[in-house]
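Working notes for the structure below.
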Amino acid sequence: MGLDRETQHRRQKEILNILDGPDPVETQIEVMHRLRERGFDVTQSSISRDFRDLGIARANGRYVVPSGARNDEPLKKVEGFIRKGVPSGPYLAILHCYSGTGRAVATALKASEWDEITGVMADDDTVFIATANNFDQKLVLGKLRRILEK
Numbered sequence: 001m002g003l004d005r006e007t008q009h010r011r012q013k014e015i016l017n018i019l020d021g022p023d024p025v026e027t028q029i030e031v032m033h034r035l036r037e038r039g040f041d042v043t044q045s046s047i048s049r050d051f052r053d054l055g056i057a058r059a060n061g062r063y064v065v066p067s068g069a070r071n072d073e074p075l076k077k078v079e080g081f082i083r084k085g086v087p088s089g090p091y092l093a094i095l096h097c098y099s100g101t102g103r104a105v106a107t108a109l110k111a112s113e114w115d116e117i118t119g120v121m122a123d124d125d126t127v128f129i130a131t132a133n134n135f136d137q138k139l140v141l142g143k144l145r146r147i148l149e150k
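See the structure below:
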């Protein structure tokens with residue numbers, strides 16, 4: 001992992017710590033100031049990209065971290081099967097997998113029991129993930145991005 005990638009990983013981990021902390025965070029500027037206090041050289045643009053990469057979204061006037069990220073063990077076993085994940089409309093996410101692995105990935109997703117997922121369907125190399133709303137879709141894709149980029 002290169003220096004920039006290591007710095008990004010440490011910064012994103014610190015963002016998660018800030019958002020999981022006792023004080024609610026209402027603006028990206030607030031996160032930027034807290035990161036600067038902790039020695040990170042950041043801009044509002046870099047915070048915005050980190051939020052997108054982490055799947056962080058606004059709910060009830062504050063930023064929240066996707067729930068359920070703690071139960072991703074089943075997916076770690078099949079993470080190498082997933083090529084990429086993309087949104088499709090406001091309630092569906094599609095995972096493109098390697099040939100013959102779609103059903104294994106779907107089984108792992110079901111075992112993960114993420115609250116944001118309302119249904120999973122798979123074929124040979126594709127997994128369809130249904131969510132109740134666009135917010136949940138973004139959370140699912142953000143969690144998957146975190147798992148796949150480790």
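Counting from 1, position 7 in the sequence shown corresponds to residue 7 in the working numbering; the numbering is continuous, with no gaps. Glycine is no exception: its CB is placed at the ideal position from the N, C-alpha and C atoms.
Quiz item: Taking buried to mean at least 16 other C-beta atoms within 10 Å of its own C-beta, is Arg70 buried or exposed?
Solution: Within the sequence shown, numbered from 1, the residue matching residue 70 stands at position 70. At Arg70 the pLDDT is 46, less than 50, meaning the model places this residue with poor confidence; the figure from the coordinates comes in the next sentence. The residue in question, Arg70, is exposed, as its Cβ has fewer than 16 Cβ neighbours within 10 Å.
Quiz item: Can you name, in chain order, every residue of its own chain whose Cβ lies under 7 Å from the Cβ of Ile82, other than the five neighbours on each side?
Solution: Your numbering for residue 82 matches position 82 in the sequence shown. Taken in chain order, the residues that qualify are Leu95, Cys97, Val105, Leu148.
Quiz item: Hey, out of Gln12, Asp125, Thr27, Asp115, whose CA is closest to Gly133's CA?
Solution: Within the sequence shown, the letter at position 133 stands for residue 133. The question names Gly, but residue 133 is Asn in the sequence shown. Minimum Cα-Cα distance from Asn133 among the listed residues Gln12, Asp125, Thr27, Asp115 corresponds to Asp115.
Quiz prompt | Rounded distance between the beta-carbons of Gly61 and Glu113, thought under 8 Å | solution = Counting from one through the sequence shown, the residue named residue 113 turns up at place 113. Counting from one through the sequence shown, the residue named residue 61 turns up at place 61. That pair is no contact at about 28 Å.
Quiz item: Can you find at least 3 beta carbon pairs, one from the stretch 44-53 and one from the stretch 9-16, that sit closer than 8 Å?
Solution: yes
Exercise. Could you tell me if Asp72 is buried or exposed, where buried requires 16 or more neighbouring beta carbons within 10 angstroms of its beta carbon?
Key: The residue labelled residue 72 in the question sits at position 72 within the sequence shown. With a threshold of 16 other beta carbon atoms within 10 Å, Asp72 meets it and is buried.
Practice problem: Please classify Asp136: is it buried, with 16 or more other beta-carbons within 10 angstroms of its beta-carbon, or exposed? | Solution: In the sequence shown, the residue the question calls residue 136 occupies position 136. It is buried - the Cβ of Asp136 has at least 16 other Cβ atoms within 10 Å.
Self-check item: Opening and closing residue of the alpha helix (DSSP H) in which Ile29 lies
Solution: In the sequence shown, the residue the question calls residue 29 occupies position 29. That run of the alpha helix (DSSP H) goes 28-37.
Practice problem: Would you mind working out which of Arg58, Arg11, Gly102 sits nearest Arg38, comparing C-alpha positions? | Solution: Translated into positions along the sequence shown, residue 38 becomes position 38. With distances taken between Cα atoms, Arg38 lies closest to Arg11.
Quiz item: Per DSSP, Tyr91 is paired with what?
Solution: Stepping through the sequence shown from its first residue, residue 91 is reached at position 91. Bridge partners of Tyr91: none, in fact.
Exercise. Apply the 10 Å Cβ neighbour rule to Arg34 and answer buried if 16 or more other Cβ atoms are within range, or exposed otherwise.
Key: Your numbering for residue 34 matches position 34 in the sequence shown. Classification for Arg34: buried.
Exercise. Evaluate Met121 with the Cβ neighbour count: other Cβ atoms within 10 Å of its Cβ, from every protein chain shown; 16 or more gives buried, anything less gives exposed.
Key: For the purposes of this step, residue 121 is identified with residue 121 of the sequence shown, where counting begins at 1. It is exposed - the Cβ of Met121 has fewer than 16 other Cβ atoms within 10 Å.
Self-check item: Residues bridged to Ala59 (per DSSP)
Solution: One-based indexing of the sequence shown puts residue 59 at position 59. Bridge partners of Ala59: Arg62.
Exercise. Below 6 Å CB to CB, which residues in the same chain sit around Pro24 once its five sequence neighbours on both sides are set aside?
Key: Counted from its first residue, the sequence shown places residue 24 at position 24. Taken in chain order, the residues that qualify are Arg62.
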